[in-house]
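Sequence order for the protein chains is A, B, C and D.
Residue numbers 1 to 302, in the numbering used here, belong to the letters of the first sequence in order.
Residue numbers 303 to 552, in the numbering used here, belong to the letters of the second sequence in order.
Residue numbers 553 to 947, in the numbering used here, belong to the letters of the third sequence in order.
Residue numbers 948 to 1239, in the numbering used here, belong to the letters of the fourth sequence in order.
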Amino acid sequence: MDFYFGLAQLIGVHTLLGLSAYVVLLTGQVSLAQAGFFAIGAYVAAMLTVLAGWHLVPALGAAALTGATTACAVGFPALRVKGLMLVIATLAFGEGVRLFFFNFDYQIARGDVKVGPLGGEGFRQIRFFPENGWTTLEVMLFIWIFVLLVMALLWWLDRSRYGAVLRAVGEDELAAQSAGINLTAVKVSAITLGGAIAALGGGLYAHYATHIEHLSFGILLATFAIAYPIVGGLASVFGTLAAVLFVQGFLVEGLRDLGDWRNLLFGALIVLAMNLRPRGFLDAGNLRAIKRLFWGGGRGAP
Amino acid sequence: MALLELQGVSRHFGGVRAIDGLDLEVREGEILGLIGPNGSGKSTAVNVITGLYPPSAGRIAFDGRDITAAATHRRLSEGIARTFQNIRLFGGLTVWQNLWVAQNSARDRAARGFLSRWMGGQSGAREGIGKLLAFAGLAGREDELASNLAFGEQRRLEFARALAAKPKLLLLDEPAAGMNAGEIADLDERIRAVRERGVTVLLIEHHMELVMAVTDRVAVLNFGQKIAEGTPAQIQAHSAVRKAYLGGDH
Amino acid sequence: MKKIALAIALAFAAGAASTAQAQEKSIRISGFGAKSGVVRSFGINGEAAMLAAADQINKAGGVKLADGSKARIVVDYYDDRCTAEEGISVIRRIAGTDSLVAVGPTCSNVAEPLFGILQKKVDDKGDSGLQMPVFTDVAIKVGLARISEWAFRNVPNEMTMYSSVFYWLRGKHPQAKTVYGGVEEDFAHSRATWHVVMKDRATANNYTLLGESKWLLNDTNFATQVREMKKANADVVAISAHPFTTCGVLKEMQRQGVKPKVLIGLTSSSSMETMQGCAKQAEGMIIPTSYAPVNKEAKAASDATAKFKGSADLHSMAAWENMFILKSVMEDMKISGAKAEVQADRRKIRDGLAKLRTTPGLLGVNSRTEDREADKPYLFVQAKGGQWVVIHNPL
Amino acid sequence: MLDLLQSASDGVLYGATYALIGIGFTLVFGVMHKINMAYGAASVGGAYLGLMVLKLGAGLPVPLVFFGSFLAGGLLGWMVYLACFHFIPLSSPLATLMSTVGMLLLIDEVIVHTTDGMPQNYPALFDDVMLRFGEFTLRGDLLLVFLVSVACMAGLLALLYRTRLGLATRAVSQQAIAAQLCGIRLAQVNVTTFVITGLLGGIAGAMIGAAVGTLSPLLTTPLTVKGLIVTVIGGLGSVPGAIVAGLLVGGFENVIQLYRGVTERDLYVMLLLFAFLVFRPGGLFAPAGGRN
C-alpha cells in the first residue's frame, strides 16, 4: 500500500506543478519558467528546514512567497513579449535558475558533516518527513491537503470575475484591453500566482525526494509542467489532474510492466492524445456532459 | 460642450499618413457619424481614440481631461467603449461572462471593493447584466458560448459588452456590416435607445441610409483628413463629399 | 476516459498477476536501474547478470531456508529511467512486494535520494524511513552508503583504485611528474571522482597538479578546454567523464595534437561504449576497473551473462557478485522465506550484510568496510585496438 | 588576444551547426507560425539513419553517409508533419506544441533503443586537417561544416526567391488566406516546407555528427535549446537572421567560456537572449511586416 501512497505523493507534487502552468496558460501565455519557480521553492524550503531548522509548513509558506516574488519580478519584463518569444524567454529564465543552483554553494557544518546545497553535487539529506516519523500515508495526506487547497482556490477563481478575465485575456488580448482590462496587471498576477503554486510544489518535492540537484529541474520538467494542462485541457482544473494521472499514473507507473515498450509508448501516446483531443481530455463540451451526468439536465451556476 | 476633442491628431505608419492633422469634436449627447471611403482613416481614428495606437502628433481630450497618453484600459474606465469592425468576442466564454468581464467603469470600481469586484461570484452583477441581455435580445442565452452564437447575435452581444462598461461615449465601428435590412432597422432603434440613456455615440459606418437616418451630425474623412462636417442634409449636398465618394467625374 | 480507466486497470492487473505467480517456495530479489535513456546499457547488462546468476544458483538447488527446505530465486527488474522520482517509486513498489532485497540503482543521482528515504539508523523508532535492504551494484559516486544503514554497495572504491593507479604510474613512468585533469562538471559521479578522488590521490603520490578543464555532460565543442590542456603540457592527463564527452575530448585532443605520456580515464568509461564511440582516439587510455575476464570464474560469469543478452563489465559483474553474496547471507542468517515473514527476513539480510567483512568476488576476495562499502580487487585495463586489455593486475 | 581570437573563431565555426538548426525552426515558424519542437531530434535522427549506409556497405565513401542523412532527414520531416500537424486543427497551437514534444521524446527513445544509448562514431571529412597560422588554428572539418551551411543557406534562399514553390511558400507565410484564394494549396505548401526543413535537418544532423565526431541522444536537447535561442535572436522567420545569430551565439559562448568558465557559460547565453528580448525584440533581422 505504501507504494500507492508514495505514488500519490508524486502525483500531488506534479499536480501542483501542472496547476501552476495552468493559471498562466489561461491568459494564453506558455511559460517554461515553471520548473525554475519549482526549483526555487525546493531550495528555499529545504534550506529552511535543514539549515534553519524550521517546521515544514512555514518553510513552504516562505517558499511560495519567494516563488511569487520572483515570478512577479520576472513577469514584468518577460510579459512584454508573447507567443514563441515568451516561450523562449521563460525557457531561458528556467535554465538560468537551474544554472544558478548549479553554481550555488551554501554549506554549514552540522557535527562532523556539512549540510546544505553544494553546486553540482546537489543538496543531500532533506529528511524532514522521516526524521519526524511521518508515515507514507501521513505525508501523502499532507501533500494532498495542499493540492486540494490549491485546486479549490483555482476552482473558485474560475468562478470569479477574475477567472473569467484571465480567460478573456487568453481569448483575445486586444478585445480584453478595449473592454477595460489591464493586460499587464492580469498577466503578472497570473504568473505570480503560478510562481507561488510552483514553488509550493517544489518545496514539497524537495522533502519527498530528500535530495535535490540542478539536473532535476531541467527543460524536461518545464515541458511536463505545460504538458499537464495542455494534455488535460484548459476547461477546468480537473483537466490538469486527469493529465497528471494519465502521465504519472498510467504512462510512467501503469505501463512499468511493459518493460521496454513503456518508453516508446510514452512519446507515442502523447502524440496520439494530441491528435485525438487537440483541446485536451476535458474541454468545455465534455465538461458539460459530465455536469449533466452528475447534476441532471439543470445548468450549473447561472 | 465637447465630450471628446481631437486636435491636430496624426498617425503615421512608416511613410503612410493614415490620419493627418485631424480635428474632431464629439458633443455631449449627440450621435456623430464618421464616414469616408475605404482607407480614409476611419478605423485608425477609432484605434487612436481608444489608445490602441498612440498618436504620432496631436492631442486628445475627453470630458475635459487630456487622455493623449492614457492606456487603453484607462480610457475605458474614463468612459470610452467600442465595438470592432470584425467582431472580437471572447469566443470561449459564455455570453454572460463576456458581459461580466467588461464591467470596468470607474463607477463600478468605486461602488465595490477590490476583492468583491474581482473575487466575488456572479450574483453581485446579476441585475445589471440581466438588463444588458434584455437590451441585446439575448435573454435566456446567457450560458451559450459566444462562439456558438449566430452572426447577428454576436454583433448584438458585442454592442452589449461595450455598454457593460457604462460608457459616456460609445464608438461603433461599422456595426451594420453584413446585416440585412431588418437587422439594420433593429440596430437603428438600439442606437437611438442608447442615446436616450444619455450615451454619446460616434458611429463609423459605410451604410449611408443608416448614417443619414440616425445621426445628428456627420464628419467626412478622406486621405486621413476631414473634408467636411455638418448635418446629414448638408453633407449629402456637399460637393467635396460627392467627389470623394464617386470620383471626379460627377 | 472510460477506455483509459480500463487500460489503467488492466495495466495494474497485469502487474499484480506477474507478481502473484509464485512457485512452490521461491524468494524474490528485485533489480532496478536505468533501462532507458543514454545509460540504458547499465540496466540491460545488470538485469542479464542477475538473471544469469539466479539461474546458476537455482540449477545448483537454490537457497537453503531456515527449515532446511530449498527455494528458487526469482528475479524481476524495474526501469527507473535514471530519475530520482522513478527511483523512489520503484523502491516503494519493490518494498510493497514480497521481494527480500533490492539490487540497484545504476545512477548516483538516483542513489542519493533513494538512500535518503531509507531509514537512517536501524531501530530508530522516530525515523519513519523505508526499511528495505538495498545492495547497489553500479552507482559509484564516493561515500553514498553512509546515508543510510539499509544501504550497501558492492562498487569499486575509487579512492583505492586511483591511489594505486598513480602509485603504479610512479614506477612505470618515473619521468612523468605533472597531472592535468578534465572533468564533466555537472554530473554527480564524474565530478566527485575528479574533485574528491583523482586530484587528492595524484597529489598524495607526489604529482604536481597543473590545472583542470571543465565541461558539461552534453557539451560538444571542447576546443577551449583542450587548448588549456595543451598549454599545461602535463605528462599525465586524467579524464573524469562518461564515454560521450570522453570521446569528444579525445577527438579534440587528436585534432590539436595533444599527446600526453599517460592518459587516465573514469572507471565507468572502461566499457564498450567508449570503443563504439572513439576506439581510435582512446588508444592507450588506462582505466582501473574491478572486472576483466582474467580467470576461469570471471570468464564463466561473462559467458553466462551473454546467454541472457548482456555483456560483462565492472557494473554487471557487481550485480552478479551481489546475487551470490546475497545467497550466502540468506543461508547464514537462516531466513524463513515465508511470505508472512518478509519484513523479518529483510532485516536478517540487512544485518547479515552489515556483518560481512569479506565477500568472495570474481577477481578475488572483496573486503567490506564499516560504512557498508566494498573494497574490491581491481586491475588496470588499457584501450588497444578497440579492446580493453589488462595491462596490470596487482593481485 | 590570440586566445580571444582563437576562442571566437572556434565558436563561430561551431556556431554553423546552431545556424543550420535555427534555419529549420525559423522556416517552419515563417510558414505555419508554429514551433516544431521535434526538429532537433529529427535532425539527429536523420544523422543516425545515415549511418545505416555504413552498415550496408563498409567501404562506401563518407559523402554517401551525409547524403543518406539528408534523405532520411526529409523522410523524418514528412513523418513529423503527418504525426504532429496534419490532423490537428490550425486553431490549436498548444496541441501541436505538445505533439511535437511527444515526437521529440519518441525519436530520442527510438534512438536509445536501437543503439542501447551508446555513442556512435560518426565519420567526418577533413577531420585530420588543421589549418595553422602560427599559433592560430582552424579546424578543417568545421570549415567544411561552415561552408556547407553557407551553401545550404544560399540554396534555400534561391529556392525561396527563384522558384514557384518558393513564391507559394512566401505567399503562405505572409497571407495564408489570400494565398489560398489565389489557388495555392495550403496543405501542400505545409508538407513541402516540412520535407525541405527535414532535408535541411538531415544535413544539419550530418554536419553536427561530423563536427562532434560522435552521435548520441544527448545531442538533441541542447541542440533544440540552442536552435530556439538562435531563432529568436535572429528574428522569427528570418533565414539570414538565423545564420548570423547561430554564428554569433557560437562565438559568444566560446568567448564567455574562456573568461567565465563552463559552469557560467550558458547563464550568459541566456542573458544575451534576455538582452535581445528587451532591447531588440524583433531580433537581428526582423522580417518585413513586423510580425509578432
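Using N, Cα and C, we set each Cβ at its ideal position, and we do this for glycine too.
Source: prediction; values computed, not measured.
For the region 81-114 of chain A, the set of residues with a beta-carbon nearer than 9 Å to any beta-carbon of chain B is empty. The beta carbon of Gly-1156(D) does not come within 7 Å of any beta carbon belonging to chain C, so the residue lies off that interface.
Within the region 624-670 of chain C, the runs of beta strand (DSSP E) at least 3 residues long that lie entirely inside it are, in chain order, 651-655. Looking only at Ser-216(A), Leu-258(A), Ala-227(A) and Gly-202(A), the smallest Cα-Cα distance to Ala-68(A) is reached by Gly-202(A). For Leu-434(B), the enclosing alpha helix (DSSP H) begins and ends at 428-437. The beta carbon of Pro-117(A) sits no closer than 7 Å to any beta carbon of chain D.
Within chain A, the residues Phe-3 have their CB atoms less than 7 Å from the CB of Arg-645(C), given in chain order.
Judged by DSSP in its simplified three-state form, Glu-764(C) adopts strand. Rounded to the nearest angstrom, the Cβ distance from Asp-518(B) to Ile-333(B) is 5 Å, consistent with a contact under 8 Å. Listed along chain D, no residue sits closer than 7 Å to Gly-194(A) by beta-carbon distance, the nearest being about 16 Å off. If you ignore the 5 residues before and after Leu-1224(D), its C-beta comes within less than 8 Å of the C-beta of Val-1179, all in its own chain and listed in chain order.
Shortest Cα-Cα distance from Glu-638(C) to any of Phe-37(A), Arg-256(A), Asp-260(A) and Pro-117(A) involves Arg-256(A). Contact between Ile-839(C) and Val-933(C) holds: CB atoms are separated by about 6 Å, below the 8 Å threshold. When DSSP states are grouped into helix, strand and coil, His-725(C) belongs to the coil group. With respect to the C-alpha of Ser-312(B), the residue from Pro-469(B), Val-516(B) and Arg-361(B) having the closest C-alpha is Arg-361(B).
Residues Ala-1071, Leu-1072, Phe-1073, Asp-1074, Val-1076, Ala-1157 and Ala-1158 of the same chain have their beta carbon placed closer than 8 Å to that of Asp-1088(D), with the five preceding and five following residues left out of the count.
Closer than 7 Å to the CB of Gln-536(B) there is not a single CB belonging to chain A. Val-1209(D) places its beta carbon 7 Å or farther from that of Trp-720(C).
Residue pairing by DSSP places Trp-940(C) opposite Ala-935(C) in a beta bridge. In the DSSP annotation of this structure, His-794(C) is not part of any beta strand (DSSP E), being labelled neither H nor E. Straight-line spacing of the CA atoms in Asn-757(C) and Thr-745(C) works out to 16 Å. At a cut-off of 7 Å between C-beta atoms, His-509(B) does not count as an interface residue with respect to chain A. Against Asn-773(C), chain A offers no close residue; the least beta-carbon distance is about 18 Å (beta-carbon pairs closer than 8 Å). In this structure the region 586-603 of chain C touches the region 864-881 of chain C; the number of beta carbon pairs closer than 8 Å is three or more.
Counted as a single uninterrupted DSSP element, the beta strand (DSSP E) harbouring Asn-524(B) occupies residues 519-524.
With 16 or more neighbouring CB atoms inside 10 Å of its own CB, Ile-143(A) falls in the buried class. Identification of chain D residues near Ala-268(A) by a Cβ-Cβ cut-off of 8 Å yields Gly-1049 and Leu-1053, ordered along the chain.
Scanning Gly-280(A), Leu-293(A), Leu-272(A) and Leu-282(A) for the CA closest to the CA of His-1033(D) turns up Leu-272(A). Remark: three or more beta-carbon pairs, one from each stretch, lie closer than 8 Å, so the region 851-870 of chain C and the region 687-706 of chain C are flagged as touching. For Lys-811(C), there are no C-beta contacts with chain D under 9 Å, since the nearest C-beta of that chain is about 14 Å from it. Against Pro-665(C), the close residues of chain A are Ala-209, Thr-210 and His-211, in the order they occur along the chain (beta-carbon pairs closer than 7 Å).
In the three-state DSSP reduction, Asp-679(C) falls in the coil class, being neither helix nor strand.
Your pair Val-252(A) and Tyr-228(A) does not check out as a contact, with CB atoms roughly 13 Å apart and the cut at 8 Å. By the C-beta density criterion, Glu-764(C) is buried, having at least 16 other C-beta atoms within 10 angstroms.
Here Arg-909(C) has Ser-919 and Arg-920 as same chain residues with Cβ atoms under 8 Å from its own Cβ, once five neighbours each way along the sequence are excluded. As for any alpha helix (DSSP H) of minimum length 4 sitting wholly inside the region 1078-1104 of chain D, there is none.
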